[in-house]
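Protein chains in written order, with my numbering: chain E, 1 to 215; chain V, 216 to 430. C-beta: ideal position from N, C-alpha, C; glycine also. Predicted model only: the values in this text are computed from it and were never measured. What follows is a single structure, written as structure tokens, with notes after it.
Number of protein chains: 2
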Amino acid sequence: MFRLHNFFRSSASTRVRIALNIKGLDYDYRGYVLRDGETRTPAYLSRNPQGLVPVLELDDGRHLTQSLAIIEWLEETHPEPALLPSDPLGRARVRALAQMIACEIHPVNNLRVLLRLKDQFGADDEAQRAWFTHWVSITFDALESCLSNSPETGRYCHGDAPTLADLCLYAQVWNNRRFLIPLDAWPTISRVFERLDTLPAFRDGAPPSQPDAQP
Amino acid sequence: MFRLHNFFRSSASTRVRIALNIKGLDYDYRGYVLRDGETRTPAYLSRNPQGLVPVLELDDGRHLTQSLAIIEWLEETHPEPALLPSDPLGRARVRALAQMIACEIHPVNNLRVLLRLKDQFGADDEAQRAWFTHWVSITFDALESCLSNSPETGRYCHGDAPTLADLCLYAQVWNNRRFLIPLDAWPTISRVFERLDTLPAFRDGAPPSQPDAQP
């Protein structure tokens with residue numbers, strides 16, 4: 001059985017939890033409190049020298065890191081249900097939508113960046129909120145445009161089955177709630193999120209459903 | 216023939232140029248000056264609503280965005296020479312190494328983030344340098360550990376042929392030069408870079424080799 005080293009609120013962790021759920025793969029949940037340095041211990045750093053979550057531990061003791069790399073590995077080793085379309089152009093679109101979130105919003109807004117803003121520039125809660133909201137807004141504006149202008153958008157980001165792009169979208173919307181960012185300006189993103197939120201694989205992977213969840 | 220909308224100094228652009236070179240694919244180079252807003256025009260935004268480089272334009276007028284998604288598409292449609300290993304665990308390792316750079320260093324350090332630090336926090340050149348150096352250092356420390364502790368590291372990041380991870384490493388080291396960050400603390404990264412820098416596909420994709428290059 002897989003062992004997932006993760007944190008309930010981490011959006012990269014949320015993506016991997018949903019991928020495991022969609023593919024029907026059971027896993028042992030190990031939660032870490034990032035703010036308490038629980039991913040900076042020597043034992044944790046031996047799993048991932050970056051001290052980041054998530055880490056997927058395999059039966060043979062191997063450790064896989066980086067959420068998108070983990071999900072691509074799951075896709076290659078457990079192809080059904082698929083998280084990527086079968087045609088290369090569709091796969092390119094889904095990966096690009098996913099990376100808009102995973103490479104342009106999340107890295108700039110995660111906990112360690114907000115803490116660095118505080119340390120280096122004295123950013124208080126309000127300044128951190130403005131920073132966080134800025135990066136969400138400019139990328140969600142572009143994502144809304146990509147989704148609303150494409151005939152390839154269906155019930156979900158790409159067609160009528162959830163893909164890697166939906167994992168990232170869903171996790172990011174949960175992340176946005178930390179700063180109470182409303183979705184009103186992005187009707188397609190909002191519609192897709194609401195529909196994803198009815199699927200058990202997504203609900204069960206969401207932050208509040210985890211054993212270490214706190215309000 | 217492909218048309219590549221890009222910028223000589225952009226490290227995401229550098230990755231795609233090298234991938235095209237390795238696969239022997241010719242392309243029409245279109246350069247844009249980011250600081251002058253040349254990727255914020257209506258014509259450019261119709262290619263990529265994010266206003267980012269690179270964009271790979273196909274013969275049929277389709278536009279592909281996000282460097283890692285573009286490279287995965289190139290890999291699927293032009294498999295040789297391969298930029299990913301053939302085994303899923305090897306692919307997971309290469310993608311994770313690539314994403315350490317593409318998801319943890321580059322997004323936090325690109326031009327628009329540095330400009331935002333200036334606008335929101337009044338960060339001067341020295342503060343921007345400290346910020347940039349911080350994110351390079353903590354991730355290169357972890358990358359050095361991953362590379363130096365693994366028997367899978369060879370002449371390059373993974374074995375003896377360049378992979379997606381090397382594209383990201385090479386482009387990031389060029390990016391570091393903007394803030395004159397020496398490589399002395401990371402001997403394996405340094406060794407891999409020096410060897411990559413002897414390969415024509417990499418040299419020809421490097422920033423100084425581009426038609427719009429400036430000192």
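Item                                                                                                                                     : Value
Same chain, Cβ closer than 7 Å to Ile-396 of chain V, neighbours up to 5 away in sequence not counted                                    : Thr-348, Val-351
Chain-order list of residues whose beta-carbon lies under 7 Å from that of Arg-370 of chain V (same chain, five-residue window excluded) : Arg-410
Interface partners of Glu-291 of chain V on chain E, CB under 9 Å                                                                        : Pro-88, Arg-91, Ala-92
Contact set between the stretch 116-135 of chain E and chain V, restricted to residues whose Cβ is under 9 Å from the partner            : Arg-116, Leu-117, Gln-120, Phe-121, Gly-122, Ala-123, Ala-127, Ala-130, Trp-131, His-134, Trp-135
Contained beta strand (DSSP E) runs [length at least 3] in the stretch 387-423 of chain V, N- to C-terminal order                        : none
Cβ neighbours of Pro-211 of chain E in the same chain (closer than 7 Å, five flanking residues each side left out)                       : Tyr-29, Gly-31
Interface flag, Val-231 of chain V vs chain E, CB-CB below 9 Å                                                                           : no
Extent of the continuous beta strand (DSSP E) to which Phe-217 of chain V belongs                                                        : 217-221
Backbone CA spacing between Ile-286 of chain V and Ala-234 of chain V [nearest angstrom]                                                 : 7 Å
Any C-beta of chain V under 9 Å from that of Gln-50 of chain E                                                                           : yes
Partner residues on chain E for Gln-314 of chain V, Cβ-Cβ distance less than 8 Å                                                         : Gln-66, Leu-68, Ala-69
Buried versus exposed call for Glu-341 of chain V [16 or more other C-beta atoms within 10 Å across all chains shown]                    : exposed
Pro-107 of chain E: contacting residues in chain A (beta-carbon distance under 7 Å)                                                      : The chain labelled as chain A is not found among the protein chains of the depicted structure, namely E and V.
Thr-378 of chain V - DSSP class collapsed to helix/strand/coil                                                                           : coil
Asp-356 of chain V at chain E interface by Cβ criterion, 9 Å                                                                             : yes
Interface partners of Val-146 of chain E on chain V, CB under 8 Å                                                                        : According to the sequence as given, residue 146 of chain E is Cys; it is not Val. Simply Pro-264.
Amino acids of chain V, ordered along the chain, whose beta-carbon sits closer than 9 Å to that of Glu-72 of chain E                     : Glu-287, Pro-303, Arg-306, Ala-307, Arg-310
DSSP-derived helix/strand/coil call for Arg-116 of chain E                                                                               : helix
Own chain residues within Cβ distance below 7 Å of Ala-213 of chain E, not counting five before or after                                 : Phe-8, Pro-207
Residue from E:Thr-39, E:Glu-144, E:Asp-59, E:Asn-109 whose Cα sits closest to the Cα of Arg-191 of chain E                              : E:Glu-144
Minimum C-alpha distance to Leu-69 of chain E - residue among E:Ile-105, E:Ala-12, E:Leu-97, E:Ala-82                                    : The question names Leu, but residue 69 of chain E in the sequence shown is Ala. Nearest of E:Ile-105, E:Ala-12, E:Leu-97, E:Ala-82 to Ala-69 of chain E, Cα basis: E:Ala-12.
Distance, Arg-308 of chain V Cα to Ala-357 of chain V Cα                                                                                 : 14 Å
Under 9 Å by beta carbon: chain V residues contacting Val-113 of chain E                                                                 : Val-323, Trp-350
Element boundaries [alpha helix (DSSP H), containing Asp-125 of chain E]                                                                 : 125-148
Enclosing alpha helix (DSSP H) for Val-231 of chain V [first to last residue]                                                            : 226-237
Thr-292 of chain V, enclosing alpha helix (DSSP H) - first and last residue                                                              : 282-292
Cα-Cα separation between Arg-232 of chain V and His-278 of chain V, rounded to whole angstroms                                           : 16 Å
Which of helix, strand or coil DSSP assigns to Glu-152 of chain E                                                                        : coil
At least three beta-carbon pairs within less than 8 Å, the stretch 323-341 of chain V to the stretch 107-118 of chain E                  : yes
Alpha-carbon spacing of Pro-107 of chain E relative to Ser-67 of chain E, whole angstroms                                                : 12 Å
Stretch pair the stretch 77-97 of chain E + the stretch 21-28 of chain E: three plus CB contacts closer than 8 Å                         : yes
Beta-carbon contacts of Thr-280 of chain V that lie in its chain and below 6 Å, excluding the five residues immediately before and after : Asn-263, Val-270
Residue interval of the beta strand (DSSP E) (run including Asn-45 of chain E)                                                           : Here the sequence assigns Leu to residue 45 of chain E, which means Asn is not the residue at that position. No beta strand (DSSP E) holds Leu-45 of chain E; the alpha helix (DSSP H) holding it covers 42-47.
C-alpha distance - Ile-404 of chain V paired with Ala-416 of chain V, whole-angstrom precision                                           : 19 Å
Residue from E:Gly-61, E:Cys-146, E:Leu-58 whose Cα sits closest to the Cα of Pro-187 of chain E                                         : E:Cys-146
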